Amino acid sequence: MVKKKWFSLTLISMLVIGLLAACGTSNDKENASEGNAGGKEEKKVLTMGTSADYPPFEYIDTAKGDEIIGFDADLAKAITKELGYEVKIVDMDFNGLIPAIQAGKVDFVMAGMTPTPEREKSVDFSEPYYITKNLIVIKKDSGIKTVEDLKGKTVGVQVGTIQEEKANEIKKTVDMKVENRNRIPEIIQEMNSNRFDAAIIEDVVAKNYFAKDKNLTGFEVPDAAKKGSAVAFPNDSKLKADFDRVLNEMKESGELDKLIEKWFSGEQPAK
Ligand code: ARG
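Positions -21 to -1, 1 to 250 (mature numbering (1 follows the signal peptide of the UniProt record, and there is no 0)) are the ones given, in order, by the sequence shown.
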C-alpha cells in the first residue's frame, strides 16, 4: 500500500515537471517566432542587413579581422540581446538594403539609415536613435567655400542615399556634375585621385575620414535639416514596437549615450 502511494506521488511530480517544461517551450516558441515576418517558423536569430562602409556606424577593421563593428552593430546587439535574440549581421551595398527587407532576406536594417517619405512607402522605421547633418567634403586646397563654388565641379555621393538626393537638388540651381559610387571609400578614393572635386557625406562619417586624411575638410550644407538614423523593418513587423521599447529604455538609462560616447566621442549634433 505504502509503496503504491509513493509510486503515484512520483508519477504526479513527473507529470507536473513535464507540464512545466512544456509550458516553457511553448513560450520560447512564441517569443522567437515574432522575429520572422510570417511568424510561422521558429527563429532565435535575427538577420540584420547593413552596408559596412560607414565608420563609425558600421565598418570592418581589416587590421583586426572581418567582423562588422561600429555604433549600429553595438546598438543592434544590445537591443536584440534584451529581446532574447541573437543577431547575425550581413553586409551589402546600401542600395540593396531596402530590397533585401522586401525580399525577406533580412529581419531589419541598421545602416545609419534616415527615414524618408519615399522609403516609408516600402518599410517601417523605428524612432530615430542618432541625429546627423550633411557636409560638403572638399580638399583643403580646393578653393571651394560655398555651394555656389561647386559650379563646373564633379560631386560624389553614395548610390541610393539622401546625399545623392541632396546633390541632385543642388544641381537644379548650381551647374555641377553628380557622380555616384556604391561605397564611401570609393568616393574618398576618387577625391584623392582628383576625379571628384567634392562629395556630400554625413558629418560624423566625414569627420572620421578627416582624422585620417589631413587633405580633406568640409562645411555644412546650408539649411541642412537634421536627420535621424533609424532601424528599418518590413512593413507591419512586430519587431518595431519591441525595438522602440528597448531604444526608449536605453535612452532613459543612459545606455544609448554611452554608445554614442564610445563611437562618436559623445558628439551628438542634434543638441
Ligand atoms: N543617412 C544616409 C541615408 O540614409 C546615408 C546612409 C549610408 N549608410 C551606409 N551604411 N553607407 O541615405
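Just so you know, even glycine gets a beta-carbon here, dropped at the ideal spot from N, CA and C. Since this is a predicted model, take the numbers as computed values, not measurements.
* Asked: What are the boundary residues of the alpha helix (DSSP H) that residue 225 is part of?
  -> For residue 225, the uninterrupted alpha helix (DSSP H) run begins and ends at 218 to 232, by DSSP.
* Determine the DSSP secondary structure at residue -13, reduced to helix, strand or coil. => Low confidence applies to residue -13: its pLDDT is 49, below 50, so where it sits in the model is not reliable, and the reading given next is rough at best. DSSP places residue -13 in helix when its eight states are reduced to three.
* To do: Leaving out five residues on either side along the sequence, give the residues of the same chain with a beta carbon under 7 Å from the beta carbon of residue 31.
  => 37, 38, 39, 47, 70
* Asked: Thinking C-beta only, is residue 112 closer than 8 Å to residue 260?
  -> As displayed, the chain neither begins before -21 nor continues past 250, which places residue 260 out of reach and without an answer.
* Can you list, in chain order, the residues of its chain whose CB lies under 8 Å from that of residue 164, leaving out five sequence neighbours each side? -> 32
* the stretch 76 to 92 in contact with the stretch 208 to 218 per 3-pair CB rule at 8 Å -> yes
* What number of angstroms, rounded off, separates the C-alpha of residue 114 from the C-alpha of residue 133? -> Computed Cα separation, rounded: 15 Å.
* **CA nearest to the CA of residue 119, picked from 208, 43, 189, 236** => 189
* To do: Go ahead and label residue 187 buried or exposed: buried means 16 or more other beta carbons lie within 10 angstroms of its beta carbon, across all protein chains shown.
  => buried
* Limits of the unbroken beta strand (DSSP E) element including residue 212 -> 211 to 213
* **residue 208 burial status per 10 Å Cβ neighbour count (16 or more: buried)** => buried
* Decide if residue 137 is buried, meaning its Cβ has at least 16 other Cβ atoms within 10 Å, or exposed. => buried
* Can you tell me whether residue 154 is buried or exposed, with buried defined as 16 or more other CB within 10 angstroms of its CB? -> exposed
* Taking 7 Å as the cut-off, is the CB of residue 33 close to at least one heavy atom of the ligand ARG? -> yes
* Relative to the alpha-carbon of residue 201, which residue among 28, 125, 100, 116 has its alpha-carbon at the smallest distance? -> 125
* Integer-rounded CB distance, given that residue 177 should sit under 8 Å from residue 129 -> Under the criterion of beta carbons closer than 8 Å, residue 129 and residue 177 qualify as touching, at roughly 6 Å.
* What do you reckon, are the CB atoms on residue 225 and residue 61 nearer than 8 Å? -> yes
* Can you tell me which of the three DSSP states residue 206 falls into? => strand
* Asked: Where in the stretch 94 to 174 do unbroken runs of the alpha helix (DSSP H), each at least 4 residues long, occur, reported from the N-terminal end onward?
  -> 96 to 99, 141 to 150, 163 to 171
* Pick helix, strand or coil for residue -5, following the three-state DSSP scheme. => Note that residue -5 scores 45 on pLDDT, short of 50, meaning its location in the model is unreliable; the coordinates nonetheless yield the value given after this. Helix, per DSSP.
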